[in-house]
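Protein chains in written order, with the numbering used here: chain A, 18 to 244; chain B, 18 to 244.
Working notes for the structure below.
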DNA sequence: AAAAGTAATTATGAATTCAATATTCCTTTG
DNA sequence: CAAAGGAATATTGAATTCATAATTACTTTT
């Protein structure tokens, strides 16, 4: 049952601009030139401007009346706020998943979990994070709550460009793995309260925020950087 | 420090259309005619279409390629999903509020609480709900999390048009008031875990969903259970 | 030479125009 | 008479054009 995805031009353009932001080709605080992007994508200003409005609603850019658009400059607080929110949503996803998830789906997650452990033992950071994400996504999918998934996806988009998986200390990492052990156990017992609690408290997000503390500029943004 | 709110035409139009939907002047599933709205608002199609795209992103309408837009038809499941999410967000707002709220703000909420109790004793349903909402909004504001407030606001918008305060049974009502007693107590003790828990479990939302069960068309959006 | 003021340029906001897709209404055919 | 086919109409998608606000470049003045 594959979802019909409508390919409007504006949506296409919005996604492409989102990619540019995610991959750092459009920098935080950078002014977005309509003409430049029109030339780049080969579209007129109408769909491009529609895309900008949508991206502003999604929180990726901000619109300054009569002065165009710019990429949102993420502050540490903003990222922290977002992660707090994502943790709460993950908690809910866990609670709901316990109600709706099938044995087969649990088994699949257990499988992923084992794979993740293997990566942990080998200290393969990238594959570890990849499988880690798959586990969380599986639980989210099992929540059977479309609105939740939509919201989570949007929040995830916003902070994608500053997501780091580096600098994971051994101590935090082992704790994260322990969290996952408990998660799987709670899931297999369908203990919704417990799984919710674990996911809300799961260290993962907090680690990332801590890591980011050194990366993102702490001060407010009104700075006109970027020539 | 008062926030600068930009008044773009498209944003103005989007809000106006949102009002039409909220007040039932545009009905669920109803086709939205661009021309009709252009005439109504006295604007050209450009800003109107931008507004439609934004409203689609906000989840109020849906866009059918080459076939215009229509007001989202809320299913019971959709509303339930949304309320579950809102409860989780309220829980988070409570947790955070305990960390950031000032004594003065707590006192103000206590004041609102007393007013609400008065309305409860008099069985003044409308004023009761008004103050009730103010309390929840105060906690949300005290959470000091802008992203959270933005998300909550969006979700609230989506279900506004089906919010009912009627048909509150005496039993549920008294329970809701008890919940509020506990909330205030937790807040005054700054017990974030407890307040979070109370708000997540707060009956209010569930009551509304129960009430709505008779109002909204139950027909599931083919989202049958998992396999 | 620095600051202030003004004209020229550029970019944005919004309306209009052109092109495509969908819908309606009428005719034709079995 | 019902169904199918096809113009005529209306609606949407996207480009272009026009108007207005912001930025830059250039004088002028002190």
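C-beta atoms are modelled at their ideal positions from N, C-alpha and C, and glycine is treated no differently.
None of the values given here were measured: they were computed from a predicted structure.
Check, Outcome
"CB contact below 7 Å: residue 177/A versus chain B", "no"
"Pairwise C-alpha distance: residue 47/B and residue 78/A", "31 Å"
"C-beta contact flag for residue 211/A and residue 108/A at 7 Å", "no"
"CB contact below 7 Å: residue 105/B versus chain A", "yes"
"Backbone CA spacing between residue 164/B and residue 150/A [nearest angstrom]", "22 Å"
"Chain-order list of residues whose beta-carbon lies under 7 Å from that of residue 64/B (same chain, five-residue window excluded)", "26, 27 and 30"
"Close-in-space but distant-in-sequence residues of the same chain around residue 178/B (CB under 7 Å, 5 per side omitted)", "38, 39 and 41"
"Spatial distance of residue 128/B from residue 189/B (CA atoms)", "23 Å"
"Entirely enclosed alpha helix (DSSP H) segments - the segment 86-124 of chain A, minimum 4 residues", "93-117"
"Start-to-end residues for the beta strand (DSSP E) that takes in residue 80/B", "78-80"
"Helix, strand or coil at residue 48/A according to DSSP, with G and I counted as helix", "strand"
"Residue burial classification, residue 139/A (beta-carbon count within 10 angstroms, cutoff 16)", "exposed"
"Min CB distance residue 165/A to chain B below 7 Å", "yes"
"Length of the line joining the Cα atoms of residue 173/B and residue 135/A", "43 Å"
"Assumed close pair residue 162/A, residue 36/B - CB separation to whole angstroms, cut-off 8 Å", "Contact doesn't hold; Cβ gap of about 28 Å is too wide."
"Reduced DSSP secondary structure (H/G/I, E/B, other) of residue 60/B", "coil"
"The segment 80-94 of chain B / the segment 118-125 of chain B touching (three or more Cβ pairs under 8 Å)", "no"
"Residue 14/A (DSSP reduced to helix, strand or coil)", "No statement about residue 14/A is possible, as the shown extent of chain A runs from 18 to 244 and does not include it."
"Simplified DSSP assignment, three categories, for residue 213/B", "helix"
"Cβ distance (whole Å) where residue 152/A is taken to contact residue 130/A below 8 Å", "6 Å"
"C-beta neighbour in chain A for residue 98/B, strict 7 Å", "yes"
"Chain-ordered neighbours of residue 102/B on chain A, where CB pairs are closer than 9 Å", "106, 109, 162, 164, 165 and 168"
"Contacting positions in the segment 128-158 of chain B - beta carbon closer than 7 Å to chain A", "none"
"Bounding residues of the alpha helix (DSSP H) (the contiguous stretch that carries residue 194/A)", "187-205"
"Contact belief for residue 49/A with residue 85/A at Cβ below 8 Å, rounded distance in angstroms", "6 Å"
"Status (buried if at least 16 other CB within 10 Å, exposed otherwise) for residue 73/A", "buried"
"Element boundaries [alpha helix (DSSP H), containing residue 219/A]", "First-last for residue 219/A: undefined, no H or E at that position."
"CA-to-CA distance, residue 44/B to residue 87/B, given in whole angstroms", "9 Å"
"Member of 185/A, 95/A and 51/A whose CA lies at the smallest distance from the CA of residue 141/A", "185/A"
"Sequence-distant residues of the same chain with beta carbon closer than 8 Å to residue 204/B, five excluded per side", "111, 114, 115, 118, 123, 126, 156 and 212"
"Alpha carbon of residue 192/A to alpha carbon of residue 219/A, nearest angstrom", "9 Å"
"Per-residue burial, residue 160/B [other beta carbons within 10 Å of its own, 16 or more giving buried]", "buried"
"7 Å Cβ shell around residue 55/A - same chain, five flanking residues per side excluded", "61, 62 and 65"
"Residue-level contact to chain B via CB, residue 67/A, 7 Å cutoff", "yes"
"Inter-residue CB distance, residue 175/A and residue 99/A (contact presumed, cutoff 8 Å)", "6 Å"
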